[in-house]
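In order, the protein sequences belong to chains A and B.
Just so we're aligned: the first sequence equals residues 2 to 257 in our numbering.
Just so we're aligned: the second sequence equals residues 69 to 600 in our numbering.
For every residue, glycine included, the Cβ atom is placed at its ideal position computed from N, Cα and C.
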Amino acid sequence: MNVREPITNHRARLLALVGIGTFAGLWCLLSYADIIPNVILPTPTEVLKAFPTLHTEEALVRSVGWSLYRVSMGFLLSALVAIPLGLLMGTFPAVKAFFAPLVDPLRFLPISALVPLFLVWFGIEETMKIMLLFVGTFVYLLPLVVEAVENVDDLYLHTATTLGASKWQLVSQVLIPGSSPAIGEALRVMNGIGWTYVILAEIVNAPYGLGHLITVAGKRSHVDQIFAGVIVILLVGVVTDQIIRLINKRLFAWAE
Amino acid sequence: MARQLTPLGRALIVLCGFALLGYAGYRYEWFKKIGGLVAPDRKPEGTVSKDDFGGPVATTTEAPASSSAPSGGGTRLSRPIKVAIVTWGGYAGGIFANNGFAPTKDSVFFKDFGIQVELLVIDDFAKSRDAFRAGGDKGGVDIMWSTVDSYSLEYSGLQRLSPKAVLQYDWSRGGDAIAVDASIKSVKDLKGKSLACAEGTPSHYFALYVLTQGGLTNKDVQWKFTDSAIEAANVFKAGKVDAAVSWSPDVYVAAREREGGHILASTKEASNLIADIFVARGDFIEKHPEDLRRFVGGWLKGVDLANQNPDKAALLLSKSFSGVGLEDAKGMLADVKLPNYSENRAFFDPKGSLVNYHTIYKTAQGIWRKIGSVKDVFEPYQTVDTRFLEGVSEWFAQAQEAKPEFEFKTAPRTTTAPILTKTVSVYYPTGSSTLDENAKAVLETQVVDLAATFGSAYIRIAGNTDNVGNHDSNVRLSRARADAVAQFLVSKGFDRNKFEVVGNGPDKPVASNDSDEGRAKNRRTDFEVVPR
C-alpha cells in the first residue's frame, strides 16, 4: 500500500464489506458473549426485535416522515438564505467584510444552548423545530458557499473580463457555474448535519419524530430501541445523501 | 382508420385513470388500509378518569415471606457507595449523614455506620439512568433516585438489572405544582387548554391525578410534552401554553413572572402522591447487602438529625448544591417531608399507611399502561426489597409509631375556594342516611384515596338531592347523609376535623330536575378539596 495508491472499485467494495463485517462481528462478540452487559450494549437480535414494536406501537414510519419533513425544511430554508448571501459575500469582499464579524463567530454557536431561547421565541410547534435545524445548518453552509465562490479560479474571471463580460455576466456566467459543484457538495454535507440535530430539534412537543422516539427510549432505558432508532436515522441519512449525490452528478457532470 | 393519440390525449387518459384509482382508493378506504400497514399510528391512548385512581389494591399479591434481614452476607465494599441525586431538598437526610456530597471520614455514615458514601448530582434524567446502568464499579452509580410513579414506568426497561426500591427519602410537599394563566380558576377550567409538562415524569402523573379527580380525563387537555420540567416552566412563562406542571422553584417563579399566572394546585395539598425513593441495582444488593443496610440506617439517622436541626440542614444544602443560597435551601426543605424510620416502615407495608408504596405503584402502573407507555405488568412486591429497612431496627429501637402528620384544629374557612370538586354518586335507601355495603365500597375506592392523598387539605362533603319532596327535610337528609360519609371516613383513620359537612338539599342542582336522568345527576355527593 503506497500513499494515495489507487484501488479498483471492486477492491474498494470488498474492503467496505470487510469493514462492516468486522464491526458487526465485534458487536456480536461483545454483546452475545456478554462482555459488555446487555443493558449497555444490546445484542443484534434484540435490536432487530425492537423494529416490529417500533413499527406497530410507536409509529416508526410516521416518525421518519415527520423528521424527514423537518430536516428538509430546515435544509431548504438555509440553502435559500445561505446561497444568495454567500454568493454576494464571495463576489464582493466589501459585503464579506460587512458580514464577517457577524457570521464568523456563529460557527462556534452552541446549538443546544439555543433550545430554551428558541422555545421562548418561536413557541413549541413546528416553527421552533425548523428554525433550530435552519440555524444549525446555516452557520456551516454559509462559509462553505463563500469559500466555493472564492475558490473559482481568477483565470476564468480574467478571461471573461478580457472577452468583455459585464459585471452581471461575470457573476452569472463565471462565478455561479464555477462554484455550483462545490455548493452542491456543501448541501450534501448540510443534509448530514441536519440529521445530527434532529434529536435536539424534537426534544419538545414532537408527538412524531425519530429524535423524539430515541429520547423517550433513552428515558425508559430501552437500549434496544435507541439502537434501532439510530440505525433508522443512519439509513435515512445515507439514502438522502445518495439522492443528493446523484442529483449533483446529473447537474454538474461537466465538473468531474 | 384509427387515429393516432396526441401526447396530450394520452396524458389525459392516464390522468383520468389515476383520478379513478384515487377515487376508488378514497371510496373504499384503500389508502387508510395501506396507510395502516405501511405507517401505522401509535396505539390509541386509553382514557384515564377518576376511576383509575384509588382502586383497592389486591391483597392477593402477597409478597413472598421476606427472608431474615441481611447481615454479614456478601462482601464489604472497598469504595464509597455511589448515589445519583438531583438538585432537590429531599436529600437533606443523606447530606446531613454524609456531611456534604464527597465521601469523608468526618460523617455519621463513617463514624456510626462504617461506610463511605458519595452523592453525585446528575440533574439530567437520562444521564442518571445511564450512570445506573453502568453501575458503581464502572464509573456509574449503585443507587439512583426515582419516584414511585415514574419507577413503575421505567421498571420494565431496567428489569434486567433487577433493581429494587429500598428507601423512601421524601414526600414532595409543594415541590410539584401546576401553574395556570389568569383564566383558569379551578381544575374544570383546564378543559381544552394546552398543558406543558415533561412526559412520563412525576409532573405528568401529578397532572393526571389532579385532572381526573376534578372530573376531567387525560383527553380533555392538549398535552405539550417537553424534555424537562424546567422547559415546561419556561414555555409557560413565555406565554406559549395555558398551563404547565413543573418543579420548585421554577414553577413558582414562572407563575409569578407571567401576567396573571398563579398556582392551581401543588403537592402541598396533594401531600401523599409523589414519593421519592432510592432504587439499588440487583447485583449491588447481592454482593454488598451489609453495606446497603448500613446505608439505609445511616440515611435514616441523617433524616432524624435533619428534622431536629432544620437550620443546619439548610446550611448544608446551600453549601453542597451549587447556586443554592441559604434562603433557597430553606425553601427547598419546606417543599419536602423527610419520612423517618417508622414512616418508612409504614410506607413500604402493603397494609401500612392508607396510601403506600404498593397502592401508588399499582395505580401508576395502571395509568401508564392505559396511556400506552408500559406493556409489561409487575407486582409492586417484585420491585421492592424491604429487608434493609427491616434490618436497621436495632438503630431505631425507641422509634415511635408513625403519628398522624397533619392537625386540623379549625374548620376550613368557607370563603376558601376548592382546588377541585370530585363528584361521587353514593346510593342510599329512600329517606335514609344509612350507608350500605355498596355505598361503602364506592367511598372506599373513590374517596378514601382522595382524602389520604390530599393529606394536608380539608375535604368539604356536600350532600345534594333532587327536588322531589319537602325542601327542608331534603336539606336535613342531605346533611345527615354527608355526615354519615364523614363518620365512615373517620372510621378509616382520618381526623374528624378534616371534614366539613354541608347539606345543600335541592339548592345546588347540576342538571334539570325535569327528567329522571337529570334528577339522578342531582342526587350526588360532592367532595371539595379545600387547601389549608
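- The beta carbons of V309(B) and I246(B) sit no closer together than 8 Å.
- In the structure shown, E337(B) falls within a coil segment according to DSSP collapsed to helix, strand and coil.
- At a cut-off of 8 Å between beta carbons, V106(B) contacts chain A.
- Apart from the 5 residues on each side of it in sequence, G586(B) sits with its Cβ closer than 7 Å to the Cβ of A579, S580 in its chain, given in chain order.
- Taking all protein chains shown into account, R549(B) has 16 or more neighbouring C-beta atoms within 10 Å of its C-beta and is therefore buried.
- Between T451(B) and A152(B), the C-beta spacing is not below 8 Å.
- In the three-state scheme derived from DSSP, where H, G and I count as helix and E and B as strand, H56(A) is classed as helix.
- In this structure, E473(B) places its C-beta atom within 8 Å of the C-beta atom of G523(B).
- Its Cα nearest to that of R437(B), the residue G114(B) stands out among G114(B), H539(B), R95(B).
- Assigned with DSSP and collapsed to three states, L86(A) falls in helix.
- Counted as a single uninterrupted DSSP element, the beta strand (DSSP E) harbouring L263(B) occupies residues 262 to 266.
- With 16 or more other Cβ atoms inside 10 Å of its own Cβ, N424(B) counts as buried.
- For W463(B), there is no enclosing alpha helix (DSSP H), as DSSP gives it neither H nor E.
- Residue pairing by DSSP puts D594(B) in a beta bridge opposite T491(B), A530(B).
- Distances from the CA of G158(B) to each of S214(B), V289(B), P112(B) were compared; the closest alpha carbon is that of S214(B).
- With 16 or more other Cβ atoms inside 10 Å of its own Cβ, D344(B) counts as buried.
- Counting only residues of its own chain and dropping the five nearest sequence neighbours on each side, F181(B) has a CB closer than 7 Å to the CB of R362, G365, G366.
- At a cut-off of 8 Å, the C-beta of V303(B) has a neighbouring C-beta in chain A.
- The Cβ neighbour count for I248(A), taken over all protein chains shown within 10 Å, is under 16; the residue is labelled exposed.
- In the DSSP annotation of this structure, the continuous segment of the beta strand (DSSP E) that includes S314(B) starts and ends at 311 to 315.
- Residues of chain B whose Cβ lies closer than 7 Å to the Cβ of S222(A) are, in chain order, R197, R201, E222, G225, L226.
- With 16 or more other Cβ atoms inside 10 Å of its own Cβ, Y237(B) counts as buried.
- The criterion of a C-beta distance shorter than 8 Å is not satisfied by R71(A) and L118(A).
- Out of T335(B), Y320(B), S334(B), the CA that lies nearest to the CA of G328(B) is found in Y320(B).
- Taking the Cα of T57(A) as reference, the smallest distance to any Cα among P112(B), Y273(B), G350(B) is reached at P112(B).
- Excluding five sequence positions before and after K560(B), the CB atoms of its chain that fall closer than 6 Å to its own CB belong to V516, given in chain order.
- If you compare the alpha carbons of V510(B), D584(B), S583(B) with that of T593(B), the shortest gap goes to V510(B).
- T216(A) has a beta carbon lying within less than 8 Å of a beta carbon in chain B.
- A60(A) belongs to the set of residues whose beta carbon lies under 8 Å from a beta carbon in chain B.
- Judged by DSSP secondary structure, I353(B) falls within the alpha helix (DSSP H) whose first and last residues are 350 to 355.
- Interface flag for E325(B) against chain A is unset, since no Cβ pair is found closer than 8 Å.
- The region 152 to 222 of chain A contains, as complete alpha helix (DSSP H) runs of 4+ residues, the segments 155 to 163, 177 to 197, 199 to 202, 211 to 220 (chain order).
- Between the alpha carbons of A297(B) and P317(B) lies a gap of roughly 11 Å.
- Under the three-state reduction of DSSP output, M132(A) falls in the helix class.
- Taking 9 Å as the Cβ-Cβ cut-off, the region 172 to 200 of chain A has no residue approaching chain B.
- A straight-line Cα-Cα distance of about 10 Å links A300(B) and A322(B).
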